[in-house]
Each structure stands twice: as structure tokens, then as C-alpha cells.
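Taking my numbering, I'd label the letters of the sequence shown as residues 7 to 187.
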Amino acid sequence: MPPPAIWPKLHTRFFAKSGYCDSMIGMPIMTTSNGLRRTTGMAEAAREFTFENGPVEIPITGRSMHPAFPEGSRVRMEPVSFPFRPGRVYAFMKNNHLCAHRFVSMRGEKAEFIGDANRDPEFVHESRVIGYIPGSGSHVRTRLAALINAILVRTHAPLMKRLRIALLSRLYGKSIFRSRI
7 MPPPAIWPKL HTRFFAKSGY CDSMIGMPIM TTSNGLRRTT GMAEAAREFT
57 FENGPVEIPI TGRSMHPAFP EGSRVRMEPV SFPFRPGRVY AFMKNNHLCA
107 HRFVSMRGEK AEFIGDANRD PEFVHESRVI GYIPGSGSHV RTRLAALINA
157 ILVRTHAPLM KRLRIALLSR LYGKSIFRSR I
């Protein structure tokens with residue numbers, strides 16, 4: 007875990023983009039002196055930073071949360087609260103990076119997340135969840151997005167993915183068919 011003296015700079019230094027988790031919260035992540043990334047320590051430090059200092063504003067660099075969070079938009083991350091609520095967007099550490107995806111369900115100690123424009127869910131241990139991102143739409147929209155994801159994410163057919171993206175686009179009033187499908 008990084009020393010307390012660098013926590014105020016944490017929000018500008020440890021977020022990065024990954025290959026599979028596409029809706030990232032951008033900028034290079036902090037590394038140890040030998041260059042190895044410390045995700046567990048970073049997850050704890052980030053969670054502690056948000057609890058001590060309040061919400062953190064961070065940029066979105068990927069497209070997997072279209073249409074709720076367009077690429078290049080800035081979102082506010084608040085301290086995580088348990089239990090997780092289906093339909094809410096949470097930030098979590100995955101493969102040395104911070105991702106922002108919608109929560110679907112719990113499976114034991116692992117939480118199932120999926121990006122609104124992604125086909126495959128991701129399973130993340132609950133200890134890796136850093137914070138929650140409010141403002142992903144109205145309560146009704148959030149619930150509908152969670153329901154659409156929960157039903158249509160189980161199939162891997164391209165047609166089902168198009169249908170899910172079309173429903174989410176309609177729900178948020180934006181067209182996202184230009185993004186990869």
C-alpha cells in the first residue's frame with residue numbers, strides 16, 4: 007500500500023486502460039519501484055482515498071459503457087456501499103486497471119459486472135470493488151438496463167448483442183451502433 011503522503015495525488019496517477027475491460031477510467035496506474043503493479047495495495051489505497059476525501063472525478067477512456075457514459079466523459083466516483091445494487095455502475099480493479107461496469111448479480115464472493123455495450127460479463131471478487139459511479143440514469147433506466155443485461159447477456163449470438171445495444175440505446179436516447187459490435 008502506498009504511504010499516506012501520496013494519497014492526495016492518487017486520483018491523478020493510478021487509473022489506466024486495459025484490453026478486455028474497455029470502459030476504463032484513464033491515466034497510468036502507480037507502480038512499485040521495480041515496476042511491478044500492486045493491484046491489491048492500489049485497490050485498498052483507492053478505496054481508502056475515496057472514503058477519506060470524498061468523491062473523485064475521473065475520465066472514461068473506453069466505449070463499453072455506451073450509451074450511459076460516452077468515451078471522453080468525466081464521471082464522479084463515490085465510496086462503495088454494500089450490498090451492491092443491480093443496475094448501478096461500480097468501479098473495480100481488474101488486471102491492474104480500474105474498470106467501470108454495471109453490476110448484475112453476486113455469485114458467492116464474486117460480483118458479476120458487464121459493460122452496457124459488452125457481450126461477456128466479468129466476475130470480480132468483492133474486495134476489488136473501489137467505488138460506485140452515480141448518475142447512470144434515472145432509477146427506472148438503471149433497473150431496465152440491469153434487466154436487459156441480465157436477460158440478454160447469457161447468449162453470445164451477435165443478434166442478441168445488437169438487440170441489447172439497441173434497447174439500451176433507446177433507453178438512453180442515443181445511437182451507439184457506430185461503436186464496435
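Glycine included, each C-beta is placed from N, C-alpha and C at the ideal position.
Every value quoted in this text rests on a predicted model; they were computed, and no experiment measured them.
Going by C-alpha positions, Asn59 is about 16 Å away from Ile139. Annotation for Ala74: no beta strand (DSSP E) segment contains it, and DSSP assigns it neither H nor E. Around the C-beta of Glu115, fewer than 16 other C-beta atoms lie within 10 Å, and the residue is accordingly described as exposed. A distance below 8 Å between beta-carbons, with the five flanking residues on each side excluded, links Ser79 to the following residues of its chain, in chain order: Pro65 and Ile66. For Glu118, the beta-bridge partners assigned by DSSP are Ser111 and Phe129. For Pro92 against Ser111, the beta-carbon gap comes to about 7 Å, under 8 Å, which counts as contact.
Here Asn124 is not near Ser175, since their CB atoms are 9 Å or more apart. In this chain, the beta strand (DSSP E) harbouring Val95 covers Val95 to Lys100. For Gly137, the uninterrupted beta strand (DSSP E) run begins and ends at Val135 to Ile139, by DSSP. Rounded to whole angstroms, the separation of the alpha carbons of Ala117 and Met99 is 12 Å.
Under DSSP, Arg82 forms a beta bridge with Glu63. Taking all protein chains in view, the Cβ of Asp122 is crowded by 16 or more other Cβ atoms within 10 Å, so the residue is classified as buried. Taking the CA atoms as reference points, Val81 sits about 8 Å from Phe75. Judged by their CB atoms, Arg113 and Phe129 are nearer to each other than the 9 Å cut-off. Using a 10 angstroms sphere on the CB of Gly141, the tally of other CB atoms stays under 16, which defines it as exposed.
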